[in-house]
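Asker: Here it is, the structure in full.
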Amino acid sequence: QQTYDPEALQRKWLPVWDRLEPFRADDAVVDSGEREKRYALTMFPYPSGDLHMGHAEVTALHDVLARYWWQRGYEVLNPIGWDSFGLPAENAAIRRDEHPATYTYANIETQATSFRNYGLSFDWSRRLHTSDPEYYRWTQWLFLKFRERGLAYRKASPVNWCPNDQTVLANEQVVDGACERCGAVVTKRELTQWYFKVTEYAQRLLDDMEQLEGRWPERVLTLQRNWIGRSEGAHVDFDLHLADGSTRQVTVYTTRPDTLFGATFMVVAADAKLAAEIVAPDQAAALEAYVDEVRKASDIDRLATDRPKTGVPLGITATNPVNGEQIPVWAADYVLADYGTGAVMAVPAHDQRDLDFAKAMGLPVRRVVDTGEENPEETFVATTGDGAYVNSGDLDGLRDKAAGIGAIVDRLEAEGRGSRATNFRLRDWLLSRQRFWGAPIPIVHCAACGEVPVPEDQLPVVLPDLKGADLKPKGTSPLGAAREWVEVDCPSCGGPAERDTDTMDTFVDSSWYFLRYCSPGDTSAAFDPADLKRWGPIDMYIGGVEHAVLHLLYSRFFTKVLHDMGLLDFVEPFSAQLNQGVVINQGKKMSKSLGNGINLGDQLEEFGVDAVRLTLVFAGPPEDNIDWADVSPAGSLRFLARAWRLAGDVTSAPGADATTGDAALRRFTHRTLDEAATLVEGYRFNVMVARTMELVNATRKAIDSGCGPADPAVREAAEAVAILLSLVAPYTAEEMWERLGHEPTVARVGWPVVDPALLVEESVTAVVQVQGKVKARLEVAPDVSEADLEAAALADPAVVAAIGDKAVRKVIVRAPKLVNVVVG
Ligand code: ANZ
Ligand code: ZN
14 QQTYDPEALQ
24 RKWLPVWDRL
34 EPFRADDAVV
44 DSGEREKRYA
54 LTMFPYPSGD
64 LHMGHAEVTA
74 LHDVLARYWW
84 QRGYEVLNPI
94 GWDSFGLPAE
104 NAAIRRDEHP
114 ATYTYANIET
124 QATSFRNYGL
134 SFDWSRRLHT
144 SDPEYYRWTQ
154 WLFLKFRERG
164 LAYRKASPVN
174 WCPNDQTVLA
184 NEQVVDGACE
194 RCGAVVTKRE
204 LTQWYFKVTE
214 YAQRLLDDME
224 QLEGRWPERV
234 LTLQRNWIGR
244 SEGAHVDFDL
254 HLADGSTRQV
264 TVYTTRPDTL
274 FGATFMVVAA
284 DAKLAAEIVA
294 PDQAAALEAY
304 VDEVRKASDI
314 DRLATDRPKT
324 GVPLGITATN
334 PVNGEQIPVW
344 AADYVLADYG
354 TGAVMAVPAH
364 DQRDLDFAKA
374 MGLPVRRVVD
384 TGEENPEETF
394 VATTGDGAYV
404 NSGDLDGLRD
414 KAAGIGAIVD
424 RLEAEGRGSR
434 ATNFRLRDWL
444 LSRQRFWGAP
454 IPIVHCAACG
464 EVPVPEDQLP
474 VVLPDLKGAD
484 LKPKGTSPLG
494 AAREWVEVDC
504 PSCGGPAERD
514 TDTMDTFVDS
524 SWYFLRYCSP
534 GDTSAAFDPA
544 DLKRWGPIDM
554 YIGGVEHAVL
564 HLLYSRFFTK
574 VLHDMGLLDF
584 VEPFSAQLNQ
594 GVVINQGKKM
604 SKSLGNGINL
614 GDQLEEFGVD
624 AVRLTLVFAG
634 PPEDNIDWAD
644 VSPAGSLRFL
654 ARAWRLAGDV
664 TSAPGADATT
674 GDAALRRFTH
684 RTLDEAATLV
694 EGYRFNVMVA
704 RTMELVNATR
714 KAIDSGCGPA
724 DPAVREAAEA
734 VAILLSLVAP
744 YTAEEMWERL
754 GHEPTVARVG
764 WPVVDPALLV
774 EESVTAVVQV
784 QGKVKARLEV
794 APDVSEADLE
804 AAALADPAVV
814 AAIGDKAVRK
824 VIVRAPKLVN
834 VVVG
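If you're matching positions, the sequence shown starts at 14 in the UniProt record's numbering and goes up one per residue.
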């Protein structure tokens, strides 16, 4: 008597799969039209330590779909790689006093081994690491191509600065005013940095989301939409009267030009150049002191409505273009330097932040829209709704916001003092980092020629050898210390020049990795457009919702630029997307401090790969969190043993003709297969597992107390179980398949053909009696109505004959089993 030993199965089958390579995606098979393509992608891991429960969950879910597609006859591209540049490796290297590559590549090997043992259907032949020079050569090439198109540029501006990591951060990497990685409060610094011009694509990033509607989680679409933040309004020009008697024009951006008559002061961002340029001499010192304070606050704090308002009067006035009023000009931190024009017309009656500021500084408030609510001039509660315009010259009497906006913009346009405008919250992507472990920016700075791109044939610009260099963050790039690397001949004039010492944000690396998978090892290009024509776009992208803006927005941007370069024929990289839930324990996020962490390695050792995978898939819908305290890997293990035993009990030979087998079990098997397909396609993987469990139970019953183990329907059912389990528990499935007398691998045998006849609702036999004597038997639906059953009975030829020319006196119907006709 054998026992189910998950560990032995893992040892047995892994080498077989390594030899067969059943999941190697074949270009030729797609090109010949033999099979249709599917591209299944899971967000590639960052190599910090070994895999954890989160990786186990997302890859288990992802593998269900990838393996299902193989079984359904698709040629599936399911690659894996590592996002292997980045700060954690660099910080670990500093702690251990070793090269970041040592830590990085050791972890990659550990994770790769764990992925293999975990039985995932990855195509290992396409493996990549973003920190390999062969990869970042092309990251650098893309940077240069973007620069050629004017989409990568350098500018000085106040940037987000993490005082702990001693590097700049993109807006997207600042979460609630803190560094996304380390949690330190982010401050501002004026620095010259590299940017990608994402803003040029803002409208398209918004418009193309139409293609993703219903195919991406609604939550992610909303986050992207808000991040792009399109608003419609107007630019309005104001004349400023400076202390030296000169006049200067300043444009504000407003979404409510219709409230222009209520603009009682103007506010410019304290840290914008404009403020320093227009301030009256006697206010200059006050402004400077104020700006020092402002630089310490994050954007989020600055925009918060509940924060006390601070600011400095600039000692000058502006003319309101519609009524000629002179209004004071202030500098404050609640206006951001890099949003709109960095200056606002303040309408305190209808904007709460302006109202709070007016109250704090004793500035006038004038209502211009009467909404029927209490007057904000008295309540200090701004009203923002529609209403009748008042105190607004020609506008008075109008009621409708659209009409008000239309009238005022028409007037401004006619007078050449303003125009309609749209604005985006989206900023350009700050991509340079003052850290070592990233792709060097392939630019040389020459005193004579300026910025000179490194010629393409000299790529990659390989990171310098560290050799004792100090990686500790100092605010400037550690690459600057590698003098013999920095000092180069200018590629343009040959004179002495210096390399750019910043490295690229790792989000640049991950914005195109899914393209590289299609052309692995290509030494002449980042990717071959023909390969992307074949495999792209990605049919399903599974990963964490934490990437809802950053990575997904950047990848969409890259795809559009590459489309415009003529290298891609699609504009959206990810046709469908799924966000998995989080694995928690006892209702809480796993954490060291709570001591509630679940170690993946321990779970795998105790229950085996298949039971852990099954547990994660069975726990609930993929989007839901999984509380490890509520699931039962031990129960999964018992179920898998039960399934495995079925395969050992089957006594018919492989290929036995199932059509001669037990009809009830066959119906069960075919219904399960049919439903399972629908369930997987609707991402209801957990319900698919539940159906498989029911099929195991039905098969067990058939063996023990039904048609018996020799019935071909039992073999058919057990084989169906093995194929269904091949999506979730590959080792058990493979072993079952062998016990059933087949060759490996079950993963590629194909989805069984479902017989539609067996999907028809089960029927029951209704007996029809005439005068108490059985005259007919009818096959009817179990839920047949009394009227339908009576009609069917009276129409049956044998019953008609039995009744003859006698009168029907009474019909007794007991649906669905019996009809008794009384005649005479
Ligand atoms: C006058 C006004 C009156 C405004 C009113 C609102 C309501 P969104 O929708 O986010 O684009 N604003 C403009 N530039 C700003 C900056 N650099 N920093 C902070 N606030 C700024 O918001 C546009 C509105 O935010 C603009 O419309 C402006 O205030 C403010 F009853 O102008 B409004
Ligand atoms: Zn030069």
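A virtual CB, placed ideally from N, CA and C, is assigned to each residue, including glycine.
Would you say the segment 147-160 touches the segment 532-543, given that touching needs at least three Cβ pairs under 8 Å?
Answerer: yes
Asker: Between K322 and F370, how many whole angstroms is the CB-CB distance? I'm expecting something under 8 Å.
Answerer: To locate residue 322, count along the sequence shown from 1; it is residue 309. To locate residue 370, count along the sequence shown from 1; it is residue 357. Right, the Cβ-Cβ distance comes to about 4 Å (below 8 Å), so this counts as a contact.
Asker: According to the Cβ coordinates, are T205 and R167 closer than 8 Å?
Answerer: Working through the sequence shown from its first residue, we reach residue 205 at position 192. Working through the sequence shown from its first residue, we reach residue 167 at position 154. It is a contact, given that the beta carbons lie within the stated cut-off.
Asker: Just reading off the alpha helix (DSSP H) that A331 is part of, what are its end residues?
Answerer: Start at 1 with the first residue of the sequence shown, and residue 331 comes out as number 318. Where A331 is concerned, there is no enclosing alpha helix (DSSP H), although the beta strand (DSSP E) it sits in stretches over 324-332.
Asker: How close, in whole Å, do the beta carbons of A283 and V342 come, if the pair is a contact with beta carbons under 8 Å?
Answerer: Taking the sequence shown and counting its residues from 1, the one referred to as residue 283 is at position 270. Taking the sequence shown and counting its residues from 1, the one referred to as residue 342 is at position 329. The pair is not a contact, with the Cβ atoms about 12 Å apart (cut-off 8 Å).
Asker: So the alpha helix (DSSP H) F587 belongs to, where does it begin and stop?
Answerer: For this step, residue 587 is matched to residue 574 along the sequence shown. No alpha helix (DSSP H) holds F587; DSSP gives it neither H nor E.
Asker: Beta-carbon distances below 7 Å to any heavy atom of ligand 2 define the shell here; list its residues in chain order, please.
Answerer: With the cut-off at 7 Å, the residues found are C459, A461, C462, V465, C503, S505, C506, G508, A510.
Asker: Please tell me whether V249 and P334 are closer than 8 Å, where the distance is taken between their beta carbons.
Answerer: Position 236 of the sequence shown, counted from the start, is the residue given in the question as residue 249. Position 321 of the sequence shown, counted from the start, is the residue given in the question as residue 334. The answer is yes: Cβ separation under 8 Å.
Asker: Are the C-beta atoms of N333 and some chain B residue less than 8 Å apart?
Answerer: This model lacks chain B altogether; it includes just one protein chain.
Asker: Are the beta-carbon atoms belonging to V233 and I555 less than 8 Å from one another?
Answerer: For the purposes of this step, residue 233 is identified with residue 220 of the sequence shown, where counting begins at 1. For the purposes of this step, residue 555 is identified with residue 542 of the sequence shown, where counting begins at 1. No, they are not a contact pair.
Asker: Ordered along the chain, which non-local residues of its own chain (more than five positions away) have a Cβ less than 7 Å from that of G62?
Answerer: Position 49 of the sequence shown, counting from 1, holds the residue named residue 62. These residues qualify, in order along the chain: N120.
Asker: Specify whether the segment 38-58 and the segment 82-89 touch according to this definition: at least 3 beta carbon pairs, one from each stretch, less than 8 Å apart.
Answerer: Yes, the segment 38-58 touches the segment 82-89.
Asker: Could you give the DSSP three-state label for F393: helix, strand or coil?
Answerer: By one-based count along the sequence shown, residue 393 stands at place 380. Of the three classes helix, strand and coil, the one that applies to F393 here is coil, per DSSP.
Asker: Could you tell me which of V574, E559, V422, Y81 sits nearest to R160, measuring between CA atoms?
Answerer: The count along the sequence shown starts at 1 and reaches residue 160 at position 147. The option with the nearest alpha carbon to R160 is V574.
Asker: Please name the residue in F681, L807, L566, N598 whose C-alpha comes closest to that of R704.
Answerer: Position 691 of the sequence shown holds residue 704. Of the listed residues, the one whose Cα sits closest to R704 is F681.
Asker: State the DSSP-derived secondary structure class of H248, mapped to helix, strand or coil.
Answerer: Working through the sequence shown from its first residue, we reach residue 248 at position 235. Looking at H248 - three-state DSSP - the assignment turns out to be strand.
Asker: On a CA-only basis, which of L740, F527, S490 is nearest Y567? Give me that one, please.
Answerer: Indexing the sequence shown from 1 puts residue 567 at position 554. When only C-alpha atoms are compared, the closest one is F527.
Asker: Residues in its own chain within less than 7 Å of A299 by CB, not counting five upstream and five downstream?
Answerer: Looking up residue 299 in the sequence shown gives position 286. Counting only Cβ-Cβ distances below 7 Å, and skipping sequence neighbours, we find V325.
Asker: How close, in whole Å, do the beta carbons of N530 and R48 come, if the pair is a contact with beta carbons under 8 Å?
Answerer: Counting from 1 along the sequence shown, the entry for residue 530 is found at position 517. Counting from 1 along the sequence shown, the entry for residue 48 is found at position 35. Correcting the residue identity first, residue 530 is Tyr in this sequence and not Asn. With 8 Å as the limit, Y530 and R48 do not qualify as a contact, their Cβ atoms being about 18 Å apart.
Asker: Skipping 5 residues on each side, what residues in its chain have a beta carbon closer than 7 Å to that of residue 838?
Answerer: What is shown of the chain runs 14 to 837, which leaves residue 838 out entirely.
Asker: Let me know the secondary structure DSSP gives D407 once reduced to three states.
Answerer: Looking up residue 407 in the sequence shown gives position 394. D407: helix per DSSP, three-state reduction.
Asker: Less than 8 Å between the beta carbons of V357 and V475, yes or no?
Answerer: On the sequence shown, residue 357 is found 344 positions in, with the first residue counted as 1. On the sequence shown, residue 475 is found 462 positions in, with the first residue counted as 1. Taking 8 Å as the Cβ cut-off, V357 and V475 do not qualify as a contacting pair.
Asker: Quick check on the burial criterion: 16 or more other C-beta atoms within 10 angstroms. Buried or exposed for C459?
Answerer: What you label residue 459 is simply residue 446 of the sequence shown in a count that begins at 1. By the neighbour-count rule (16 or more Cβ atoms within 10 Å), C459 is buried.
Asker: From what residue to what residue does the beta strand (DSSP E) around P171 run?
Answerer: Indexing the sequence shown from 1 puts residue 171 at position 158. Run containing P171: 165-175, per the beta strand (DSSP E) assignment.
Asker: Would you mind giving the Cβ-Cβ distance between M517 and A452, rounded to the nearest angstrom? I have them listed as a contact below 8 Å.
Answerer: Here residue 517 is taken as the residue at index 504 of the sequence shown, counted from 1. Here residue 452 is taken as the residue at index 439 of the sequence shown, counted from 1. Correct: roughly 5 Å between the Cβ atoms.
Asker: For the alpha helix (DSSP H) that contains K823, what are its first and last residues?
Answerer: Here residue 823 is taken as the residue at index 810 of the sequence shown, counted from 1. Not the alpha helix (DSSP H): K823 falls in the beta strand (DSSP E), residues 821-827.
Asker: What's the C-alpha gap between V781 and A800?
Answerer: If you number the sequence shown from 1, residue 781 lands on position 768. If you number the sequence shown from 1, residue 800 lands on position 787. Approximately 14 Å, taken between the alpha carbons.
Asker: What I want to know is whether the C-beta of G534 ends up closer than 7 Å to one or more non-hydrogen atoms of ligand 1.
Answerer: Numbered from 1 along the sequence shown, position 521 holds the residue referred to as residue 534. Answer for G534: no, Cβ out of range of ligand 1.
Asker: Between A282 and ligand 1, is there a pair consisting of the residue's CB and a ligand heavy atom that are separated by less than 7 Å?
Answerer: Along the sequence shown, one-based indexing puts residue 282 at 269. Under cutoff, so the answer is yes.
Asker: If we count the other Cβ atoms within 10 Å of its Cβ and call it buried at 16 or more, is R32 buried or exposed?
Answerer: For the purposes of this step, residue 32 is taken as residue 19 along the sequence shown, with counting starting at 1. Classification for R32: exposed.
Asker: Ligand 1 and Y402: does the residue's C-beta get closer than 7 Å to at least one heavy atom of that ligand?
Answerer: The residue you call residue 402 lines up with position 389 of the sequence shown. Incorrect: Y402 has no Cβ contact closer than 7 Å to ligand 1.
Asker: Could you give the distance in angstroms between the alpha-carbon of R194 and the alpha-carbon of F98?
Answerer: Counting from one through the sequence shown, the residue named residue 194 turns up at place 181. Counting from one through the sequence shown, the residue named residue 98 turns up at place 85. Straight-line Cα distance between these residues: approximately 14 Å.
Asker: Shortest alpha-carbon distance to R658 belongs to which of R728, T123, G621?
Answerer: On the sequence shown, position 645 is the one that residue 658 refers to. For the residues R728, T123, G621, the minimum Cα distance to R658 belongs to R728.
Asker: What's the C-alpha gap between L368 and E391?
Answerer: Indexing the sequence shown from 1 puts residue 368 at position 355. Indexing the sequence shown from 1 puts residue 391 at position 378. Distance from the CA atom of L368 to the CA atom of E391, rounded to whole angstroms, is 11 Å.
Asker: Since D502 is in the beta strand (DSSP E), which residue starts that stretch and which ends it?
Answerer: Within the sequence shown, the letter at position 489 stands for residue 502. D502 -> beta strand (DSSP E) spans 500-502.
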